[in-house]
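In our numbering, each residue carries its 1-based index in the sequence shown increased by 2.
Note that the Cβ used here is the ideal one computed from N, Cα and C, for glycine as well.
The structure displayed is predicted, hence computed values, not measured ones.
What follows is a short report on a single structure.
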Amino acid sequence: MTTTAPQTPSVQLLEVSPEYAGQRIDNFLLARLKGVPKTLIYRILRKGEVRVNKGRIKPEYKLQAGDIVRVPPVRVPERDEPVPLAQGLLQRLEASIVFEDNKLIVINKPCGIAVHGGSGLTFGVIEAFRQLRPDAKELELVHRLDRDTSGLLMIAKKRSMLRHLHTALRGDGVDKRYMALVRGNWASSIKSVRAPLQKSNLRSGERMVEVDEEGKEALTLFKVLRRFGDFATMVEAKPVTGRTHQIRVHTLHAGHSIAGDTKYGDEDFSKEIRDLGGKRLFLHAYMLTVPLPDGGELKLQAPVDDMWAKTVERLSVAP
Numbered sequence: 003m004t005t006t007a008p009q010t011p012s013v014q015l016l017e018v019s020p021e022y023a024g025q026r027i028d029n030f031l032l033a034r035l036k037g038v039p040k041t042l043i044y045r046i047l048r049k050g051e052v053r054v055n056k057g058r059i060k061p062e063y064k065l066q067a068g069d070i071v072r073v074p075p076v077r078v079p080e081r082d083e084p085v086p087l088a089q090g091l092l093q094r095l096e097a098s099i100v101f102e103d104n105k106l107i108v109i110n111k112p113c114g115i116a117v118h119g120g121s122g123l124t125f126g127v128i129e130a131f132r133q134l135r136p137d138a139k140e141l142e143l144v145h146r147l148d149r150d151t152s153g154l155l156m157i158a159k160k161r162s163m164l165r166h167l168h169t170a171l172r173g174d175g176v177d178k179r180y181m182a183l184v185r186g187n188w189a190s191s192i193k194s195v196r197a198p199l200q201k202s203n204l205r206s207g208e209r210m211v212e213v214d215e216e217g218k219e220a221l222t223l224f225k226v227l228r229r230f231g232d233f234a235t236m237v238e239a240k241p242v243t244g245r246t247h248q249i250r251v252h253t254l255h256a257g258h259s260i261a262g263d264t265k266y267g268d269e270d271f272s273k274e275i276r277d278l279g280g281k282r283l284f285l286h287a288y289m290l291t292v293p294l295p296d297g298g299e300l301k302l303q304a305p306v307d308d309m310w311a312k313t314v315e316r317l318s319v320a321p
């Protein structure tokens, strides 16, 4: 890897073309200021150094066609090429693709891989795919999965597809379903959990979510898939809203925490699952139905990994 001496930075004025209308200003800058730390981008936004049409804006501001974005001088070393990621990781993610066309990639994200870099991580799924698909200049995550959640994850290759899917996600056009292995015998009468969720940050910087009447409305639909006596239940979870950690907190609120959840789970239950070989969070996005721009529909299912499958097999024969 080599670096070149950075050019003297100067103010940039960027006009927003129609294809970027609706994109948040923070994401717009992250995509254009390659190599600039995310913390620096949010700092110049907070300080009002980034202006849109000569006015201050918030990081969540959504751009409109014709907007003029003023970007202050930002000095960073220019890399000849991105830091190469481990070949094994790239091969693993390439093998995880379950669907790809000229506008969309859908992968079965492995457990333990973050969707993007940041918070001490130098890379994530999106950084890896920008190396795997260097000609796809508009690659963006459509949505997110927690680092330890596995399953179906969408990556748009075109801005038009990103806008289409964001519109569908804001309505009820996208059907996402998860499998979760939870503690105890889930009552069939619990078909939904409606409980508002509030995010907070601990002194350590760790993000926590809890049920709070002052929080945002959140609704998850549940269905029992399989029972393992009174010890555990496999449930299907369909989040109607899309709050951070929603399924994990709603299962806890119902009295049935998810196996392997180090943040919200029951350690004794998780240890028993670990003793069966289950050393992961047992939450998997297994089914996805999305509307396509041409009026069609894409339906996908993703299998669980070997660790999950073998743990469930052992659980089913456990005394």
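Would you say residue i and residue j are within 9 angstroms of each other, going by their C-beta atoms?
i           : j           : result
residue 128 : residue 117 : yes
residue 234 : residue 222 : no
residue 225 : residue 242 : no
residue 177 : residue 200 : no
residue 149 : residue 115 : yes
residue 71  : residue 54  : yes
residue 288 : residue 186 : no
residue 197 : residue 258 : no
residue 284 : residue 310 : yes
residue 211 : residue 165 : no
residue 59  : residue 42  : no
residue 250 : residue 268 : no
residue 142 : residue 33  : yes
For residue i, write down the residues that DSSP places opposite it in a beta bridge.
i           : result
residue 185 : 234
residue 335 : Residue coverage of the chain in this structure runs from 3 to 321, which leaves residue 335 outside it and unanswerable.
residue 224 : 239
residue 158 : 106 and 142
residue 14  : 73
residue 200 : 212
residue 194 : 223
residue 293 : 299
residue 218 : 199
residue 229 : 235
residue 260 : 184
Let me make sure I understand the geometry here. Which of the options has the alpha-carbon closest to that of residue i?
i           : options               : result
residue 74  : 234, 15, 213 and 204  : 15
residue 293 : 70, 253 and 170       : 170
residue 314 : 230, 47 and 69        : 230
residue 320 : 283, 288, 21 and 279  : 279
residue 163 : 197, 296 and 18       : 296
residue 183 : 246, 253 and 219      : 253
residue 28  : 51, 61 and 89         : 61
residue 88  : 119, 111 and 130      : 130
residue 36  : 227, 132 and 181      : 132
residue 179 : 273, 269 and 303      : 303
residue 261 : 247, 281 and 248      : 281
residue 151 : 158, 290, 110 and 173 : 110
residue 266 : 274, 248 and 276      : 248
residue 103 : 51, 52 and 157        : 157
residue 155 : 274, 51 and 301       : 301
residue 275 : 312, 101, 291 and 290 : 312
residue 334 : 108, 20, 38 and 40    : Any question about residue 334 goes unanswered here, given that the chain covers just 3 to 321.
residue 228 : 220, 172, 218 and 189 : 189
residue 181 : 290, 50, 94 and 63    : 290
Within its chain, find whatever has a CB closer than 6 angstroms to the CB of residue i; leave out the 5 residues flanking it on each side and keep chain order.
i           : result
residue 160 : 105 and 140
residue 306 : 286
residue 209 : 203
residue 136 : none
residue 113 : 150, 152 and 282
Enumerate in chain order the residues of its own chain whose CB-to-CB distance from residue i is below 8 angstroms, with the five nearest sequence positions on each side excluded.
i           : result
residue 96  : 134
residue 193 : 223, 224 and 225
residue 168 : 24 and 144
residue 65  : 18, 22, 23, 24, 25, 26, 27, 30, 54 and 71
residue 318 : 230
residue 101 : 107, 108, 300 and 302
If I measure Cβ to Cβ from residue i and keep anything under 7 angstroms in the same chain, skipping five residues before and after, which residues do I get?
i           : result
residue 216 : 200
residue 119 : 125, 126 and 129
Only counting runs of 3 or more residues, tell me where the beta strand (DSSP E) segments fall wholly within the stretch 54-110, in order along the chain.
-> 70-73 and 99-102
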